[in-house]
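*Asks:* Mind having a look at this structure? Questions to follow.
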Amino acid sequence: MDYRRIKRLLFVNLFMNCVFISLQSKEEVLLDMVASGGELGWLTWPDQDGWEIGQQAVNGTLLYNYFVCNVEAREQDNWLRTTFIQRHPTATRVFVEIRFLVRDCNSFNADSVTCKETFNLYVSEADADIGTSFRKGQFRKVATIAPDEISGVGDMRINTETRPVENLSRKGFYLAFHDIGACVAIYSVRVYYKTCPATVKSLAAFPQTVAVAGGANQALREVAGACVENAESESQPRIYCTVDGEWVVPVGQCQCSQGYEAVDETCQECKPGFFKASVSNEVCEPCPKNTHPSSPGALSCPCLEGFYRAPEDPVTAGCSGLPSPPKTLAATTAQMAIGKLELSWSPPGDTGGRSDITYSVVCERCEGSVCQPCGEKVRYEPSNTDIKETSVIVSELEPHLNYTFTVEARSGVSQLSSRRATSTISTALHYTDPPSVTGMRLVDRSAKSLTLSWSVSRRANPSTIRYKLMYCEKDKDEAKTGKTYTVLVLEKDSVQIHDLSPSTVYLFQVQALNPEGNVGSNSVEEEFSTLPEVGNTAVILGAVGGGGAILFIVLVVLVLRKRRKNSHTRQGPEDAYFSSPEQLKPLKTYVDPHTYEDPNTAVLKFASEIHPSHITKQKVIGAGEFGEVYRGILKIPGRKEAAVAIKTLKPGYIEKQRQDFLSEASIMGQFSHQNIIRLEGVVTKFKHAMIITEYMENGALDKYLRDHDGEMSSFQLVGMLRGIAAGMKYLSDMSYVHRDLAARNILVNSNLECKVSDFGLSRVLEDDPEGTYTTSGGKIPIRWTAPEAIAYRKFTSASDVWSFGIVMWEVMAFGERPYWDMSNHEVMKAINEAFRLPAPMDCPSAVYQLMLQCWLQDRSKRPRFQDILSLLDKLLKSPDSLKTIADFDPRVSIRLPSTSGSDGSPFRSVSEWLESIKMSQYSENFNMAGIVSMEQVLQMKSEDIRNIGVRLPGHLKRIAYSILGLKDQTSTLSVFAV
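Per numbering that gives the first Met the number 0, the sequence shown starts with residue 0, numbered consecutively.
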C-alpha cells in the first residue's frame, strides 16, 4: 500500500475544508500557527521519513500543516519542534491549543501495520534561541495527546485539545510534538496566556493583569485600582484576578464625590436644580421645599428669603419658616391651690413646616402702671422654657396683683431670625383664703364609735365649705410607722365614726376646704379614745370577781385587736408602704379568683365570652404551659377587626388544668391599663377553651432587645422602662403582686410600647430548669427574685420592685442574661454577700443608681413604683440627665478571664471567642479580613473593627470592650472608646 500517497491526499483534501477560529477573549497569544501566514520554519528530527510540511492556498492565504504517517515502519521516533517562543515576564503558565486529525488504525492493513493513535507534547525552556541545535534530553513531557474522535476513510474529524504548561521561569521556551507511530496531521497550534482585561468596576479602574499560575498558594492575584474621575474611597480599591482570567472579590468601594452621581461607571455632576451633599453612590436629589434652584454640581440648595435651616438640620432637608404665635392663650385659677394658676394655649396655626415646636413663658407683675419681672420666686411646672406641652402651672404668685404672661412659640430655626411669635395675657390673681379650723371636741363616744365636732375661724358662706378628716390608731401613726390614715371628706362640721376598736386611742386632724378646693391650716392634732367594751361579759365577770373580770376584759380586747389586725392584713395590700393622704376614694382592689368556690364563676365575672366563630387562627407563634399560642383575627359584629393572640388548651386536659388555664383570664380581666396586656375575652362554653388577648407585634422584650442590640438610644430604653413602671404602679395600686416580673414577661407592640403580661401564678416560671429554685411552696425565678422572697416566700410590691430593678438591667444591657452563667446557688450567695449587678455598658448613671435603690436589702427602704415612675418621668423630661454614664468594668460585665473560655482554657479560635460574647454573626467578617488567631484579635483597635464591617455602635463597643477584657488592661480603656 502507498501510505505516503494516501496521507498526502487525505490531509490536503481535509485541510481545504477546515475553518479556523482565533479566540479573542481574555488571552494574549504568543504563537499562532494559522495566523502567521508563512512557512513556520519548525525543526523536524530526523530530517527524513519523519514529520513533513504541507501547504494549501485558502481564500488567497497560504496555510501550512505538519503531518506524519509512518504506520508501515516499526519503532518510530519522530520530533517536530517549534521556533523559540518568547515568554511574558509574569506569565508563568501558558496554554497550548492543538487542532489535529488522527487516522483510525483499523483503516490500515492490520497484518502489516504497527499503528498508534496518540502523540506527545514536550517543552524545553531557554534564555535565548539555540537555533537548530536539538537534543531530546532537553525536553520534559507535558502531556500525551489523544483524539476524542478518530478519522476513517472518507470520514475526517478534527480534534481540539488544550493543555497548560506550568511553572515557566526562563525568558522563552520551545514546544515539541513527538510521534511514536501514529498517522496524524497538525493543522493549528496556538500558544497563549490568560489575562484579566482592563476593566472598571464599582467606579474603580483596574489595569490588565496576567493571570497567575495555579497552585495551592497562588489561586488569586491581588490587583490595586484607582477611583475614576470625581470618585473617592476611604481605602484603595482592590480586586483579585483568577488563574482563568476572571475578576473576583472586589474590596473597597469608590463613591462619587459631593455634587456628582454615578452614571455607567462614571461620576457626572448634578444637573441644575439637583444636589448631592455626601460622598456616596446615591443619585442627585431635587432641591427640597422652600429653596432656590441650585447650579450644576451643587452640594446643597440655598433657602428662600424668610426660610431657614436649623444648625442640626441636614442640608438635604427643606427650609422652614418661623411659627406663628400660640393661639387661645388663657389663664385658669379654678381648682388651683392658693397662689397657683394654669396657663394653657393652642399650638400655632402655622408651624413653619416643623415639628420641634417648644414654648417659653415670661412673667411680669404689675402694681399700677409699673411692671417688673416676676423673679426667681415664681415656680413653673414643668418649666418656663423648652416646654413641649401646651400648658404650664405657675405657683408662688401673690394675691391682689396683676400679672402679665407672654408665651412664645419657638422652633429649631427661631434663633436664626429676630422675629418673635408671642401671645400675651394679663390676669388679676384674687382668691378667697380658706378658713382655719379653730378647735375640735368630743361630743360622744362608745366602745366602737366616736362623735366629734369642730368650728372654723369664719364662715362667709358655710354652705360652700367642706372638711377633710384624717384619723388612725395612735400606735399606727403614718409619720412613725408608715401606716395608712383613713380619710373622709365631709359636708358638715361634725361626724360619727363607727367600727372602731374598744379601749383604743385615735389621732385626728381636720382641714377646711374652700370652694376652689384649697385647704386651710391644719387643726391642732387631737387624741380621743374609745370606751372599753361592756355587756353580758361584764355581768359574768362580776360573779367571778373584780380581779378576774379585769384580766378577762384585757384578754378579750387583745384577742379582738389581734383579729382586727389579721383582718386588715388580709384586706389591704401586703406591702403598701403608705398611701397618699390625698387619696380620698379607695382604689379598685384585685380579687384572687382562687377564692371562688367555683372558678368558672370568676371567669364569667371578669372576662367576656366570645363565640369561636368570631375567631380565626392564622399561625402558631409560640407554646405556653397549657398549649399552643396562635396569631389570629378577632372579628365581632359591630366592632373593628383586630389582630389577637390566642392561647389554647391542649387536648387531654384534666379539669384542674382547665381551671388553672382560665384563672389567668380571671386575673387579666380585672385590669385596664395601657401598659397591661389587654384581655379581649375567653372561650369557655365550647370544647376547646381559649384565652384571647391583644396581639403584640414585636413579641417578648428580652428577645426584641437581643435582636436590636445597640440600635436604640438610652432615651428610648428609659421610655420603655417608663411604660413598664406605669403598668406595675397600676398593679401595685390594685394590691396585686406579680411575682414573676422579667423582660421575658413584657410584650412589645409595633409602637415599642411595653406591656406587662403573664399572670399565671401556677405555671412553671422558666423552661430552663436552672432558672428556678424549688422550695416547699413552688418554684421561684432566682435571678429576678428579692432575697426575702427566696428565703421566706414573702412576695410583696417591694419584691416586685427588686424584680423591676433586674428588668431595668436587662433593658439597658439589651437582653443580656442577669448574672450571666453563674448558677442559682452562686447568685443567691453573691446577693447575700452584698454583690449587685454592675452597670451595663453605656448605662446612664441616674438609671443605674435607681437600680441599686431597687436592690436594697431592707425592703422597706426600696422606692415605690409611684416614686420610680416619677423619677423616670423626670429623666425623660431632661434628656441631658442621661448623658452622664455609669462606670463600666468589662472584666466583670463581659466575664472573660484573660484569653480563656468559661472553663479557664484558652479560646481555640476566633469564632469560639465571638460566640462567647454573642457576636458570632461577625465570624465571616473576621475570616475575610484574615484575622484567624487570638493573637491578631488582641492587636485590633476600634478602627480595625469598623473596617471589617462592624457598624452598629452597640456591637462595636461589645467587641472592643471584650478585647479590652481579654487584655485585662483597664487603663487603656480610652483606646477602644467609640
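All C-beta atoms, glycine included, are put in the ideal place defined by N, C-alpha and C. Note that the structure is a prediction, hence the values are computed from the model and not measured.
Quick one: what does DSSP say Ala790 is sitting in, helix, strand or coil?
*Replies:* Three-state DSSP puts Ala790 in a helix.
*Asks:* How about Ala181 and Val101: do their beta carbons lie closer than 8 Å?
*Replies:* Yes.
*Asks:* Mark Thr81 as exposed unless 16 or more other C-beta atoms lie within 10 angstroms of its C-beta, in which case mark it buried.
*Replies:* With 16 or more Cβ atoms within 10 Å of its Cβ, Thr81 is classed as buried.
*Asks:* Between Thr683 and Leu661, which are expected to be in contact by the criterion C-beta below 8 Å, what is the C-beta distance as a whole number of angstroms?
*Replies:* Right, the Cβ-Cβ distance comes to about 6 Å (below 8 Å), so this counts as a contact.
*Asks:* Quick one: is His954 buried, meaning 16 or more other Cβ sit within 10 Å of its Cβ, or exposed?
*Replies:* Classification of His954: buried, given that the 10 Å Cβ count is 16 or more.
*Asks:* If you draw a straight line from the C-alpha of Val555 to the C-alpha of Leu512, how long is it?
*Replies:* Residue placement at Val555 is flagged as unreliable, the pLDDT there being 45, under the threshold of 50; a coordinate-derived value is accordingly withheld.
*Asks:* Near Asp443, what residues of its chain come up, given a Cβ to Cβ distance below 6 Å and the 5 sequence neighbours on each side ignored?
*Replies:* Counting only Cβ-Cβ distances below 6 Å, and skipping sequence neighbours, we find Thr450.
*Asks:* When burial is assigned at 16 or more other CB atoms within 10 Å of the CB, is His177 buried or exposed?
*Replies:* Burial call: buried.
*Asks:* For Ala329, collect the residues of the same chain with a Cβ closer than 8 Å to its Cβ; drop the 5 residues on either side in sequence, then sort them by chain order.
*Replies:* Closer than 8 Å at Cβ, skipping near neighbours: Leu342, Ser343, Trp344 and Ile424.
*Asks:* Determine the direct distance from the alpha carbon of Val806 to that of Ala724, and round the result to whole angstroms.
*Replies:* Going by the C-alpha atoms only, they are around 10 Å apart.
*Asks:* Count the other CB atoms, across all protein chains shown, that sit within 10 Å of the CB of Glu769; report buried if there are 16 or more and exposed otherwise.
*Replies:* Confidence in Glu769 is poor, its pLDDT being 40 and thus under 50, which makes the residue's placement unreliable; the coordinate value appears in the next sentence. Exposed.
*Asks:* Which residues mark the beginning and the end of the alpha helix (DSSP H) in which Gln848 is found?
*Replies:* First-last of the alpha helix (DSSP H) with Gln848: Ser844 to Cys853.
*Asks:* If Cys226 and Cys253 are in contact, beta carbons under 8 Å, what's the gap, nearest whole angstrom?
*Replies:* That pair is a contact at about 4 Å.
*Asks:* Among the candidates Ile238, Tyr735 and Asp841, whose CA atom is the shortest distance from the CA of Phe864?
*Replies:* Measuring from the Cα of Phe864, the nearest candidate turns out to be Tyr735.
*Asks:* When you compare each of Ile129, Phe172, Lys618 and Gly964 to Val141 by their alpha carbons, which one comes out closest?
*Replies:* Ranking the options by Cα distance to Val141, first place goes to Phe172.
*Asks:* So the beta strand (DSSP E) Val262 belongs to, where does it begin and stop?
*Replies:* Taken as a continuous stretch (DSSP letters only), the beta strand (DSSP E) holding Val262 covers Tyr259 to Val262.
*Asks:* Kindly indicate which residue of Ala316, Phe306 and Gln257 has the alpha-carbon position closest to the one of Leu298.
*Replies:* Residue Gln257 is the option with its Cα nearest to Leu298.
*Asks:* What beta strand (DSSP E) runs, 3 residues minimum, are completely inside the stretch 266–332?
*Replies:* Taking only runs of at least 3 residues, the beta strand (DSSP E) segments lying wholly in the stretch 266–332 are 326–331.
*Asks:* So, under 8 Å CB-CB, Leu937 and Ile958 are touching, yes? Tell me the CB distance rounded to an integer number of Å.
*Replies:* With a Cβ gap of about 12 Å, Leu937 and Ile958 do not count as contacting.
*Asks:* So the candidates are Asn166, Glu832 and Ala184; which of them puts its Cα closest to the Cα of Tyr192?
*Replies:* It is Asn166.
*Asks:* Rounded C-beta distance between Thr403 and Cys365? I'm assuming under 8 Å.
*Replies:* The pair is a contact, with the Cβ atoms about 6 Å apart (cut-off 8 Å).
*Asks:* Short check: CB of Asp841 to CB of Pro780, under 8 Å?
*Replies:* Not in contact: Asp841 and Pro780 (Cβ atoms no closer than 8 Å).
*Asks:* If we ignore side chains and look at the alpha-carbon of each, how far apart do Gly40 and Gln55 end up?
*Replies:* Rounded to whole angstroms, Gly40 to Gln55 spans 16 Å at the Cα level.
*Asks:* Which partner residues does Asp498 have in the DSSP bridge list?
*Replies:* Per DSSP, none; premise fails for Asp498.
*Asks:* Could you tell me the boundaries of the alpha helix (DSSP H) in which Tyr729 lies?
*Replies:* Taken as a continuous stretch (DSSP letters only), the alpha helix (DSSP H) holding Tyr729 covers Ser713 to Asp732.
*Asks:* With DSSP run on the structure shown, which of helix, strand or coil describes Trp819?
*Replies:* It is coil, neither helix nor strand.
*Asks:* Name the DSSP beta bridge partners of Leu79, please?
*Replies:* Leu79 is bridged to Thr43 and Phe176.
*Asks:* Buried or exposed: Leu583, going by 16 or more other Cβ atoms within 10 Å of its Cβ?
*Replies:* Residue confidence for Leu583 is low, a pLDDT of 35 falling below 50, so the modelled location carries little weight; the figure read from the coordinates is stated next. By the 10 Å Cβ count, Leu583 comes out exposed.
*Asks:* Compute the beta-carbon to beta-carbon distance between Pro249 and Pro271, rounded to the nearest angstrom, for a pair I have assumed lies under 8 Å.
*Replies:* No, Pro249 and Pro271 are not in contact; Cβ-Cβ is about 33 Å, not under 8 Å.
*Asks:* Would you tell me roughly how many angstroms separate the C-alpha atoms of Gln414 and Asn280, rounded to the nearest one?
*Replies:* One C-alpha to the other measures close to 34 Å.
*Asks:* If you count every other CB in all the chains shown that lies within 10 Å of the CB of Arg92, and 16 or more means buried, which is it?
*Replies:* Buried is the call here.
*Asks:* Quick check: the stretch 348–358 against the stretch 312–328, are there 3 or more CB pairs under 8 Å?
*Replies:* Yes, they touch.
*Asks:* To the nearest angstrom, how far is the alpha carbon of Pro837 from that of Phe887?
*Replies:* For Pro837 and Phe887, the distance between alpha carbons rounds to 7 Å.
*Asks:* Please find out if some non-hydrogen atom of the ligand NAD comes closer than 7 Å to the beta-carbon of Ile52.
*Replies:* The ligand NAD is not part of this structure, which contains no ligands at all.
*Asks:* Return the chain-ordered list of same chain residues with a C-beta closer than 8 Å to the C-beta of His707, the five sequence neighbours on each side being excluded.
*Replies:* So the list reads Phe813, once near-sequence residues are dropped.
*Asks:* Hey, could you find the ends of the alpha helix (DSSP H) Ile867 is sitting in?
*Replies:* From DSSP, the alpha helix (DSSP H) with Ile867 extends over Phe864 to Lys876.
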